[in-house]
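The structure appears below as structure tokens.
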Amino acid sequence: FSDKFELDGITFEEPTVNLFSFNNPFGACKRCEGFGKILGIDPDLVIPDKNLSVYDGAIAPWRTEKMSEWQVPLIRNAAKFDFPIHRPYKDLSAAQKKLLWEGNEYFQGINSFIAELEAQTHKIQYRVMLSRFRGRTTCPDCRGSRLRKDASYVKIANTSITDLVLMPIQEVYTFFKSIEISDHDRQIARRILTEIETRLDYMNRVGLGYLTLNRLTNSLSGGEFQRIKLATSLGSALVGSMYILDEPSIGLHPRDTQRLVGVLESLRDLGNTVIVVEHEEEVMHAADQIIDIGPEAGTGGGHVVFQGSWDDIRNAQQESQENIENPNLKSHTLDFLLGNDTIPVPLVRRKALHFLDIKGARENNLKDVDVRIPLNTLTVVTGVSGSGKSTLIRKILYPALMRLKGEFSEDVGRYDELSGSLDRIEAIEMIDQNPIGKSSRSNPVTYIKAYDHIRQMMSELPLSKSRGYKPSHFSFNVDGGRCEICQGEGQVKVEMQFMADIYLTCEGCKGKRFKQEIQEVQYKGKDVAEILDLTVDEAIAFFRESEPKLADKLLPLQEVGLGYVGLGQSSNTLSGGEAQRVKLASFLGKGSSNKGKTLFIFDEPTTGLHFHDIKKLLKAINALVDQGDSVIIIEHNMEIIKCADWILDLGPEGGDQGGYLTFAGTPEDMLKLKGNYTADFLREKI
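Mapping the sequence shown onto my numbering, position 542 (from 1) lands on 554, and the numbers just tick up by one.
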């Protein structure tokens with residue numbers, strides 16, 4: 013008899029809340045200290061080529077003359093325990109792979125070999141050999157769950173917390189929904205079970221059922237993170253609150269957008285006010301009230317063009333195609349919603365003559381897929397959220413191509429081979445939504461290299477020449493012409509000890525960034541500070557006659573729909589979508605030496621874009637393809653997908669149920685597919 017919490021000679025910890033938390037030293041895994049990863053032997057380095065068999069040398073450390081002794085007993089005795097030594101490693105069953113690592117009475121496995129090396133680390137050659145096969149690997153004690161091993165001894169319905177956090181959320185939800193426990197236990201856990209089920213249900217409903225509970229937040233996309241915050245709000249079931257959501261449909265496939273709309277409607281039905289800033293058509297159709305602000309962007313906007321319900325919109329269409337309240341203001345939103353304006357489907361699809369082939373892509377949830385990507389065309393990669401699109405393009409294709417060009421150091425996702433017309437690509441440009449510059453000094457006009465032209469022009473004016481001003485005098489980044497009180501920032505930072513810093517307009521230059529005498533140099537009545545205050549549209553009109561070269565440099569910004577942005581507007585005030593389009597404009601205006609041999613990769617370029625802007629964006633992207641370049645777009649927006657020359661669809665679901673190539677072909681061929689989410693929504697557009 014014992015009064016301790018023990019069984020079979022093992023003394024267990026009394027279960028407490030901290031035992032099941034990896035953020036607490038008490039509950040964190042002792043081996044990886046709650047990080048889930050350790051520096052250990054990386055199986056992908058031990059067996060780098062999964063297409064090789066054991067006989068052909070799949071196990072890299074056993075390829076040397078001395079170490080091949082470890083392989084001899086395995087090859088000699090394989091027939092005794094029916095082990096296929098000529099079968100490629102990737103085709104072995106899980107039990108056969110496990111046997112290879114653990115060994116049996118006939119041979120010692122890879123684990124024994126590694127242990128032998130570790131016992132000999134006093135010899136330098138063994139230390140060097142071990143270092144070749146080390147990498148960040150999943151901790152074997154906690155299986156990546158980050159929880160201490162004995163936390164998994166506590167089980168409910170024969171399932172431990174470690175099992176639960178490694179399951180996708182939809183499976184965890186099913187587990188708790190159908191859990192079989194005694195009436196006594198159910199009575200105790202009733203309230204807790206309700207809370208767990210509600211929260212998991214909301215995660216499912218916002219389309220995140222494919223995530224596991226122990227997924228790292230820094231590996232989530234912006235849209236996923238926003239939806240987790242939304243599910244948290246829903247889980248608390250507040251009433252009488254106002255929810256303001258800024259583009260919650262970012263990164264969502266139309267199928268998931270429908271779920272999101274259902275969630276927003278349930279928030280409203282609970283008695284809350286829901287305000288959504290959104291460009292997604294599905295969300296607009298679900299709205300009780302639409303407020304359209306415009307009619308254009310920037311200086312051409314700022315008016316309430318329309319406010320009303322869907323009945324008002326239909327009435328407006330019957331009365332007149334113009335806006336009821338103010339006939340001078342035309343709503344681009346209503347034009348698209350009512351079908352008066354559309355993005356046309358291309359009359360012909362471009363045919364590809366050259367291709368890139370990725371074989372055996374198996375990073376994250378990709379299921380050993382082979383993908384053929386056409387060059388010199390507009391290729392769109394689609395699929396529901398979490399289906400493996402970003403993994404395929406951003407984690408495998410982009411870094412693998414960059415490595416071939418000798419320009420990249422980041423990890424490349426796991427794949428077998430990249431082949432095809434690699435000589436047709438001389439430059440690879442990833443145009444994502446990262447800011448074009450983090451400092452307040454960077455701006456669109458410097459990014460597209462038009463500011464050099466402005467400075468040169470100002471320094472050639474008669475007053476500049478008589479005073480000896482050089483182009484550098486018209487820069488706010490270097491000494492000379494800039495205001496030295498604020499160092500050309502236009503603002504002075506006042507540091508507050510226990511609060512956020514305060515920025516005040518500079519007293520010396522009144523926010524103009526330049527010294528008074530520099531502002532006296534004027535071109536057609538405007539000084540350099542006033543020129544930087546112009547929007548792109550205003551600047552093009554201002555310089556069209558006198559400085560056509562400068563106007564041409566600014567034209568790409570207008571073409572991608574950024575005519576409303578100020579020339580000197582600080583780049584940290586630009587949204588992700590705007591930053592992406594500034595990058596695109598810089599490529600359109602470059603006239604680079606790699607024209608026709610550049611591969612452009614866009615990651616969801618329609619984020620934050622209205623139909624009207626998407627139309628302009630497509631025109632700019634097609635201009636790249638027409639000059640012979642190749643474009644790959646990761647996208648959920650049906651307007652872009654219907655304009656593709658070639659579609660690669662991944663799925664069929666997200667997470668574990670995703671990672672297969674479900675379709676490759678033209679949009680017209682895709683319409684014939686049955687039971688494909690992307691095809692179902694594409695039919696409405698074509």
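Glycine included, every Cβ here is placed at the ideal spot set by N, Cα and C.
Computed from a predicted structure; not experimentally measured.
So the candidates are G395, C498, K401 and A439; which of them puts its Cα closest to the Cα of L413? Taking L413 as reference, the option from G395, C498, K401 and A439 with the minimal CA-CA separation is A439.
Please work out which residues of its chain come closer than 6 Å, Cβ to Cβ, to T345, disregarding the five sequence neighbours upstream and downstream, and give them in chain order. Within the same chain, T345 has close Cβ partners D304.
Collapsed DSSP secondary structure at H315 in the structure displayed: Strand at H315.
Assumed close pair V548, Q570 - CB separation to whole angstroms, cut-off 8 Å: At roughly 6 Å, the Cβ-Cβ gap stays under 8 Å, so V548 and Q570 are in contact.
According to DSSP, is A439 part of a helix, a strand, or is it coil? Strand at A439.
Alpha carbon to alpha carbon, how far is G493 from K524? Going by the C-alpha atoms only, they are around 11 Å apart.
Given this structure, state the Cα-to-Cα distance separating N724 from K627, to the nearest angstrom. Missing from the structure shown is residue 724; the chain here goes from 13 to 698 and no further.
Answer with buried or exposed for G263, where buried requires no fewer than 16 other C-beta atoms within 10 angstroms of its C-beta. If you draw a 10 Å sphere on the C-beta of G263, you find 16 or more other C-beta atoms in it, and that means buried.
Taking the Cβ atom as the reference point for each residue, do G395 and L220 lie within a distance shorter than 7 Å? G395 places its beta carbon 7 Å or farther from that of L220.
Nearest residue (CA-CA) to D428, options L409, Q445 and L205: Selected option, being the one with the closest Cα: L409.
List the whole-angstrom C-beta distance separating E259 from G620, where the pair is believed to meet the contact cut-off of C-beta under 8 Å. Yes, E259 and G620 are in contact; Cβ-Cβ is about 6 Å, under 8 Å.
Run of the beta strand (DSSP E) containing I49, from where it starts to where it stops: For the sequence presented, residue 49 should be read as Lys rather than Ile. Taken as a continuous stretch (DSSP letters only), the beta strand (DSSP E) holding K49 covers K49 to I53.
Whose C-alpha, out of N216, H315 and Y255, is nearest the C-alpha of Q11? Within the shown structure, residues of the chain are numbered from 13 to 698, placing residue 11 beyond reach of any answer.
Taking C-alpha atoms, which residue in A72, N230, F38 and R239 lies nearest to D54? It is A72.
Does the distance from the C-beta atom of T149 to that of G52 stay below 7 Å? Yes, the Cβ-Cβ distance between T149 and G52 is below 7 Å.
Closest by CA to A40, which one among R155, A70 and F488? Ranking the options by Cα distance to A40, first place goes to R155.
Can you pull the DSSP bridge partners for E18? DSSP links E18 through a beta bridge to T23.
Relative to the alpha-carbon of P358, which residue among E680, F34, N30 and L685 has its alpha-carbon at the smallest distance? P358 has its Cα closest to that of E680, out of E680, F34, N30 and L685.
Could you tell me the boundaries of the alpha helix (DSSP H) in which R146 lies? Careful: R146 lies outside any alpha helix (DSSP H), inside the beta strand (DSSP E) at R146 to T150.
My parser needs the alpha helix (DSSP H) runs of 4 or more residues fully inside the stretch 117 to 141; what are they? Residue ranges of uninterrupted alpha helix (DSSP H) with 4 or more members, entirely inside the stretch 117 to 141 and ordered along the chain, are 122 to 131.
In whole angstroms, give me the CA-to-CA distance for H291 and I302. Cα-Cα distance, rounded: 11 Å.
Look at the alpha carbon of F32 and the alpha carbon of N226, and state the distance between them as a whole number of angstroms. Spanning the two alpha carbons is a distance of roughly 13 Å.
Does the distance between the C-beta of E77 and the nearest non-hydrogen atom of the ligand NAD fall short of 6 Å? This structure does not include the ligand NAD; it has no bound ligands of any sort.
For the pair the stretch 648 to 663 and the stretch 374 to 394, tell me if three or more CB-CB distances fall below 8 Å. These segments touch.
With DSSP collapsed to three states, give me the class of Q182. Q182 falls in the helix class under three-state DSSP.
Mind checking E528: buried by the 16 CB within 10 Å criterion, or exposed? For the record, residue 528 in the displayed sequence is Gln; it is not Glu. Under this definition Q528 is an exposed residue.
Measuring alpha carbon to alpha carbon, tell me which residue in E557, D423, L228 and P27 is nearest G46. The option with the nearest alpha carbon to G46 is L228.
Going by alpha carbons, who is nearest to E501 out of K461, S451, G537 and L475? Nearest option by C-alpha distance: S451.
Residue ranges of each alpha helix (DSSP H) run of no fewer than 4 residues wholly in the stretch 384 to 432, ordered along the chain? Within the stretch 384 to 432, the complete alpha helix (DSSP H) runs of at least 4 residues are 410 to 416.
Counting only runs that start and end within the stretch 251 to 291, where is the alpha helix (DSSP H) found for 4 or more residues in a row? You should have 266 to 281.
Who are the Cβ neighbours of P100 in its own chain at under 7 Å, not counting the five residues just before and after it? Scanning its chain for C-beta atoms nearer than 7 Å, with the 5 sequence neighbours on each side dropped, one finds around P100 the residues K62, N63, L64 and S65, in chain order.
Quick one: what does DSSP say K628 is sitting in, helix, strand or coil? Correct three-state label for K628: helix.
Using three-state DSSP, classify Y459 as helix, strand or coil. Here Y459 sits in helix by DSSP.
If you follow the alpha helix (DSSP H) that A591 is part of, which residue opens it and which one closes it? Where A591 is concerned, the enclosing alpha helix (DSSP H) stretches over G588 to K602.
Starting from S478 and walking both ways along the alpha helix (DSSP H), at which residues does that stretch end? That run of the alpha helix (DSSP H) goes P474 to R479.
Whole-angstrom Cβ separation of S454 and I448, contact assumed at under 8 Å? Confirmed, Cβ separation roughly 6 Å.
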